[in-house]
Amino acid sequence: MKRVLLFGLVCAACSDRPLLAPEAFGRMPCRPSPALVAMVVGPPFAPAAMRSALLHAAGPMSTPLGATSDVREMQDAIRIVAADVSAANNDGACRLLAIAAAKLDGLPQAAATYPDRDGIRLILALTAQALADVMSR
Amino acid sequence: MTSHAPAGVARLAQLVGCMAALAVAHVELGAQVCIGGTSASPGWLALSGGRAYGNASMIGVDVARSISRTVALFADGGRTAYPAPDPHRDRLALGVAFTFAEFDHVGICLTPGVEGERIGDLRVVRLPVGVSLGWSSASHDGQRRFGAKVEPFFVYSRETVAMFSHTSRLVSGRAAIVGSYHRWLLGLEHEDAFDRDARWHTRIRFGMAFK
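Residue numbers (numbering that gives the first Met the number 0), protein chains in the order written: chain A, 0 to 136; chain B, 0 to 210.
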């Protein structure tokens, strides 16, 4: 009994990590962030059609952003989104898309990297729009 | 972690009020009532079905077994199905109930446990620790019993998707009523969260008590 209580106290004492993209970790089916979806207008692409653009965002487009752990994690998340949209794993793509967008927003706001960051954000927004379209049917 | 504190506090206050009302009730006690059963048997097996937040339906099974007068083990598993094409959520929970107080026909127990959930690529491990207060009453011939419980619980949760994870803490609670006749039992349970993870479910349980 004492061990159980001690375990509970230890758990209670554990501090939460900063909440990264809460929609990515919800215990409900994921929905793309409305803010991300609202960044683009026009007819949506099919999610699978975003694969090449996503791989470009995770590769050449994000190389100028550096090689920090946050950049690598963003690249990893975008690569998983690319794989998930190809496999029609829309819920998984939606969760990783939220993480990638949060990682992108957390990067240093350097003027020199603005075009690359904005280009990546546009690709993420188009992907979010594509996912929102198929997930709302 | 929480952005709806006023509503959460109000609901917590309601739950505490229910617990206080049950605590002063003077009725016949059941030994394992604090986890939603009766004292007439060493445990039960029940199937359940109901509705959940997000236009979802759920099915499940729960089993409990006393291993001493004050300790019972319980397990609960089920599936919450969301409208297609959303993935379903699977859940398995194991726990122990330690009865630490009995007043006439009211039992209070500590209910630590561990829960695993999976929805799509998301994996969730939760460590709930609750304080459950139960009450039970029996007819004169002992064939018919009625019980109720309320259980606020604290949850430490860790969610993981791919290589990313984060932890959170929340307070939730559940309330249940159960009636039994001979070995058959029928119950209703409602669970709700008190914070931004506000997800509820309500389910009907039908089962059989062990001999």
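Built from N, CA and C at the ideal position, the CB exists for glycine as well.
Bear in mind the structure is a predicted one, so any value in this text is a computation, not a measurement.
Assuming VAL154(B) and TRP134(B) form a contact by the criterion Cβ under 8 Å, report the distance between their Cβ atoms to the nearest whole angstrom. Position 155 of the second sequence holds residue 154(B). Position 135 of the second sequence holds residue 134(B). 24 Å between Cβ atoms; not a contact.
Using a Cβ-Cβ cut-off of less than 7 Å, list which residues of the region 92 to 107 of chain A approach chain B; keep chain order. Answer set for the region 92 to 107 of chain A: ARG94, LEU95, ILE98.
Under 8 Å by Cβ, that's how I've got LEU103(A) and MET49(A) pegged, so tell me the actual separation to the nearest angstrom. Mapped onto the first sequence, residue 103(A) falls at position 104. Mapped onto the first sequence, residue 49(A) falls at position 50. So it is not a contact: roughly 16 Å between Cβ atoms.
Just to confirm the assignment, what range does the alpha helix (DSSP H) spanning VAL133(A) have? Walking along the first sequence from the start, residue 133(A) turns up at place 134. Its alpha helix (DSSP H) spans residues 113 to 134.
Spatially closest choice to LEU93(B) from PHE102(B), SER67(B), LEU121(B), PRO127(B), by CA coordinates: For this step, residue 93(B) is matched to residue 94 along the second sequence. Distances from the alpha-carbon of LEU93(B) to those of PHE102(B), SER67(B), LEU121(B), PRO127(B) put PRO127(B) closest.
Should HIS200(B) and GLU190(B) be called a contact, given that it needs their Cβ atoms to be closer than 7 Å? The residue you call residue 200(B) lines up with position 201 of the second sequence. The residue you call residue 190(B) lines up with position 191 of the second sequence. Closer than 7 Å, so yes.
In terms of alpha-carbon separation, which member of PRO111(B), ARG198(B), GLY172(B), PRO151(B) lies closest to LEU72(B)? Sequence index remark: in the second sequence, residue 72(B) carries index 73 (1-based). Just measuring C-alpha positions, the residue of PRO111(B), ARG198(B), GLY172(B), PRO151(B) sitting nearest LEU72(B) is PRO111(B).
Is there at least one Cβ from chain B nearer than 7 Å to ILE79(A)'s Cβ? Residue numbering aside, residue 79(A) sits at position 80 when the first sequence is read from its first letter. So, interface residue.
Closer than 9 Å, Cβ to Cβ, to anything on chain A: give me those residues from the region 143 to 169 of chain B, in chain order. Listed in chain order, the positions of the region 143 to 169 of chain B with a beta carbon within less than 9 Å of a beta carbon of chain A are PHE153, TYR155, SER156, GLU158, THR159, VAL160, ALA161, MET162, PHE163, SER164, HIS165, THR166, SER167, ARG168.
Of the residues that make up the region 104 to 124 of chain B, which ones have a beta carbon closer than 7 Å to any beta carbon in chain A? For the region 104 to 124 of chain B, which is checked against every Cβ of chain A, the residues closer than 7 Å are PRO111, GLU116, ILE118, GLY119, ASP120, LEU121, VAL123.
Can you tell which of ALA86(A), ALA56(A), ASN88(A) has the C-alpha that lies nearest to the C-alpha of ALA99(A)? Against the first sequence, residue 99(A) aligns to sequence position 100. Of the listed residues, the one whose Cα sits closest to ALA99(A) is ALA56(A).
By the DSSP assignment, the alpha helix (DSSP H) with ALA55(A) in it spans what residues? In the first sequence, the residue the question calls residue 55(A) occupies position 56. The residue you asked about is not Ala; residue 55(A) is His in the sequence shown. It spans 50 to 57 - the alpha helix (DSSP H) in which HIS55(A) sits, taken as one unbroken run.
So, at 6 Å on beta carbons, what are the nonlocal neighbours of ARG122(B) in its own chain, with the 5 sequence-adjacent residues on each side left out? Within the second sequence, numbered from 1, the residue matching residue 122(B) stands at position 123. Around ARG122(B): THR159.
Would you call TYR81(B) buried or exposed, if buried means 16 or more other Cβ atoms sit within 10 Å of its Cβ? Locating residue 81(B) in the second sequence gives position 82, where the first residue counts as 1. Burial state of TYR81(B) is buried, judged by a 10 Å Cβ sphere holding 16 or more other Cβ atoms.
Using the C-alpha atoms, what's the distance from LEU96(A) back to PRO59(A)? Here residue 59(A) is taken as the residue at index 60 of the first sequence, counted from 1. Here residue 96(A) is taken as the residue at index 97 of the first sequence, counted from 1. Going from the Cα of PRO59(A) to the Cα of LEU96(A) covers about 18 Å.
Euclidean distance between Cα positions of GLY59(B) and PHE97(B): In the second sequence, residue 59(B) corresponds to position 60, counting from 1. In the second sequence, residue 97(B) corresponds to position 98, counting from 1. Distance between GLY59(B) and PHE97(B), taken at the CA atoms: about 24 Å.
Nearest neighbour of GLY172(B), chosen from ALA192(B), ILE34(B), THR69(B) [CA to CA]: Here residue 172(B) corresponds to residue number 173 of the second sequence, with the count starting at 1. Among ALA192(B), ILE34(B), THR69(B), the Cα nearest to that of GLY172(B) is on ALA192(B).
Beta-bridge partners of THR110(B), as assigned by DSSP: The count along the second sequence starts at 1 and reaches residue 110(B) at position 111. Answer by DSSP bridge pairing, in chain order: GLY129(B).
Does PRO33(A) come out as helix, strand or coil in the three-state DSSP assignment? For the purposes of this step, residue 33(A) is identified with residue 34 of the first sequence, where counting begins at 1. PRO33(A) falls in the helix class under three-state DSSP.
Counting only Cβ pairs nearer than 8 Å, list the residues of chain A close to PRO86(B). By 1-based counting over the second sequence, the position of residue 86(B) is 87. Simply PRO28, ASP90.
For chain A, find out if any of its Cβ atoms is closer than 7 Å to the Cβ of GLY94(B); answer yes or no. By 1-based counting over the second sequence, the position of residue 94(B) is 95. Not closer than 7 Å to any Cβ of chain A, the Cβ of GLY94(B) fails to qualify, so no.
Does the distance from the C-beta atom of PHE205(B) to that of LEU46(B) stay below 7 Å? Taking the first residue of the second sequence as position 1, residue 205(B) is located at position 206. Taking the first residue of the second sequence as position 1, residue 46(B) is located at position 47. Yes, the Cβ-Cβ distance between PHE205(B) and LEU46(B) is below 7 Å.
CA-to-CA distance, PHE44(A) to ASP117(A), given in whole angstroms: Numbered from its first residue, the first sequence carries residue 117(A) at position 118. Numbered from its first residue, the first sequence carries residue 44(A) at position 45. Between ASP117(A) and PHE44(A), the C-alpha separation is close to 19 Å.
Which value, in whole angstroms, describes the spacing of the CA atoms of PRO21(A) and LEU35(A)? Translated into positions along the first sequence, residue 21(A) becomes position 22. Translated into positions along the first sequence, residue 35(A) becomes position 36. Distance between the alpha carbons of PRO21(A) and LEU35(A) is about 14 Å.
Within 10 angstroms of its Cβ, does VAL84(A) collect 16 or more other Cβ (buried), or is it exposed? Along the first sequence, one-based indexing puts residue 84(A) at 85. With 16 or more other Cβ atoms from the protein chains shown falling within 10 Å of its own Cβ, VAL84(A) counts as buried.
Using 8 Å as the threshold, is the region 63 to 73 of chain A in touch with the region 105 to 113 of chain A, meaning 3 or more CB pairs across them? The region 105 to 113 of chain A and the region 63 to 73 of chain A touch, with three or more beta-carbon pairs separated by less than 8 Å.
Over the uninterrupted beta strand (DSSP E) stretch that includes ALA149(B), give me the two end residues. Counting from one through the second sequence, the residue named residue 149(B) turns up at place 150. Rather than Ala, the amino acid found at residue 149(B) in this sequence is Val. Its beta strand (DSSP E) spans residues 143 to 160.
By the DSSP assignment, the beta strand (DSSP E) with LEU187(B) in it spans what residues? Residue 187(B) sits at position 188 when you count from the first residue of the second sequence. Per DSSP, LEU187(B) belongs to the beta strand (DSSP E) from 183 to 192.
Per DSSP, what kind of secondary structure is GLY49(B) in: helix, strand or coil? On the second sequence, residue 49(B) is found 50 positions in, with the first residue counted as 1. Strand.
Going by DSSP, what residue range makes up the alpha helix (DSSP H) through ASP75(A)? For the purposes of this step, residue 75(A) is taken as the residue at position 76 of the first sequence. First-last of the alpha helix (DSSP H) with ASP75(A): 68 to 85.
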